[in-house]
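S.K.: Starting off with a structure, shown below.
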Amino acid sequence: MVDKDNSTLLATQVNDIQQWFDSELGGELLDAQKRAINRLLPNLFGYHLVEVAINPNMALCDQSLIGHKVIISEQHQLGLCDRSVLCLATELPFEQNSVDVVLLHHSLDFTENPHQVLREAIRVLRPGGHLLVVGFNPSSWWGLQRVCKRKACTPWSQGQFISQSRLADWMSLLGLTQLRLITDYYLPPIKSRKWRARFEKFQAYGRRSLPKNGAFTVTLARKDVEGMTPVKHIKFSRKFYTLPVRKPATRDLIRERS
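If you want it as structure tokens, here you go:
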């Protein structure tokens, strides 16, 4: 049973981080994340894409060539698009092995059970499908400040900051092969734009000398077809959506049957 106080606290944290991404510093970080995501999305093809983000209105997958996109929202709020589905990240209403690409944007950072969120994403992902995970990087300026200031005083510092080694272990146990890791944004988490500008030289230095220590990471992984670690079957009582059959996003021409 989920503790009511913990659920209330988590809901507050999610609301705070959603508002923080609308701030100047949060907007800068989000723009950097979108650039990193867009380096990977155009090369991921298929029929269906599911986006599970901390804020369903961020438009993170616009550069994807996949035609059918679904955006998960855990809370009813104004401004949701017609592609939105209201549900929990731990209980996605899709059949097993039915989705080609799943994007988790800080969904593991702000949840009571990040491992279950990851398992659910992998459950709906088809064999050979791809998973993108975006999260805060503990091995960064941001992670260092979070450790030094034991009391979480900013919305972003309330996240879990899951390490790459921990995420890699989870992915391996759940039958994923990690394909690529992108990390970026080497400026410290300073609110003042003027002061951040004084650290601008750290961007080039970090990309050159600290390739794993940006403020965030984007991990690309593939669900293996063979040699997968069996996951205990879970009986679901919820109703599943049957995703429509659509033409896959591909640059190749498909020869019609004669």
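Residue 103 is where the sequence shown starts when you use this note's numbering, and the numbers rise one by one after that.
In this text, a Cβ means the ideal position worked out from N, Cα and C, and glycines have one as well.
Note that the structure is a prediction, hence the values are computed from the model and not measured.
Specify the secondary structure class of P291 as computed by DSSP and reduced to three states.
M.R.: Start at 1 with the first residue of the sequence shown, and residue 291 comes out as number 189. P291 falls in the coil class under three-state DSSP.
S.K.: Between the alpha carbons of N199 and K303, how many angstroms are there, rounded?
M.R.: Here residue 199 refers to the residue found at position 97 when the sequence shown is read from its first residue. Here residue 303 refers to the residue found at position 201 when the sequence shown is read from its first residue. For N199 and K303, the distance between alpha carbons rounds to 45 Å.
S.K.: Taking A191 as the reference, give the member of E126, Q165, G245 and D211 with the closest Cα.
M.R.: On the sequence shown, position 89 is the one that residue 191 refers to. The residue with the shortest Cα to Cα distance from A191 is D211.
S.K.: For the structure I just gave you, are there three or more beta carbon pairs, one from the segment 272 to 286 and one from the segment 248 to 263, closer than 8 Å?
M.R.: They do not touch, by the three-pair rule.
S.K.: So, with DSSP's three-state summary, where would you put S259?
M.R.: By 1-based counting over the sequence shown, the position of residue 259 is 157. Looking at S259 - three-state DSSP - the assignment turns out to be helix.
S.K.: From the DSSP output, in three-state form, read off S339 for me.
M.R.: Position 237 of the sequence shown holds residue 339. Caution applies to S339, whose pLDDT of 46 falls short of 50 and renders its modelled position unreliable; the value that the coordinates give is listed next. In the structure shown, S339 sits in coil (DSSP, three-state: anything other than H, G, I, E or B).
S.K.: Would a C-beta distance cut-off of 8 Å place L269 and L322 closer than the cut-off?
M.R.: Position 167 of the sequence shown, counting from 1, holds the residue named residue 269. Position 220 of the sequence shown, counting from 1, holds the residue named residue 322. Not in contact: L269 and L322 (Cβ atoms no closer than 8 Å).
S.K.: Run the CB neighbour count on L188, radius 10 Å, all protein chains shown included, and call it buried at 16 or more, exposed below.
M.R.: Taking the first residue of the sequence shown as 1, we reach residue 188 at position 86. That one is exposed.
S.K.: Using three-state DSSP, classify R142 as helix, strand or coil.
M.R.: Translated into positions along the sequence shown, residue 142 becomes position 40. Checking the sequence shown, residue 142 turns out to be Leu, not Arg. L142: coil per DSSP, three-state reduction.
S.K.: Once DSSP output is grouped into helix, strand and coil, what is the label at D133?
M.R.: Along the sequence shown, one-based indexing puts residue 133 at 31. Reduced to three states, the DSSP call for D133 is helix.
S.K.: In or out: C183 buried (at least 16 other Cβ within 10 Å) or exposed?
M.R.: For the purposes of this step, residue 183 is identified with residue 81 of the sequence shown, where counting begins at 1. Exposed is the call here.
S.K.: Which residues bound the alpha helix (DSSP H) around P313?
M.R.: For the purposes of this step, residue 313 is taken as residue 211 along the sequence shown, with counting starting at 1. Looking at the DSSP string, P313 is not in any alpha helix (DSSP H), and its letter there is neither H nor E.
S.K.: Along the alpha helix (DSSP H) that carries E222, what are the first and last residues, could you check?
M.R.: Position 120 of the sequence shown, counting from 1, holds the residue named residue 222. Start and end: P216 to V226.
S.K.: In whole angstroms, what is the alpha-carbon distance linking E176 and N215?
M.R.: Taking the first residue of the sequence shown as position 1, residue 176 is located at position 74. Taking the first residue of the sequence shown as position 1, residue 215 is located at position 113. Answer to the nearest angstrom: the Cα atoms are 14 Å apart.
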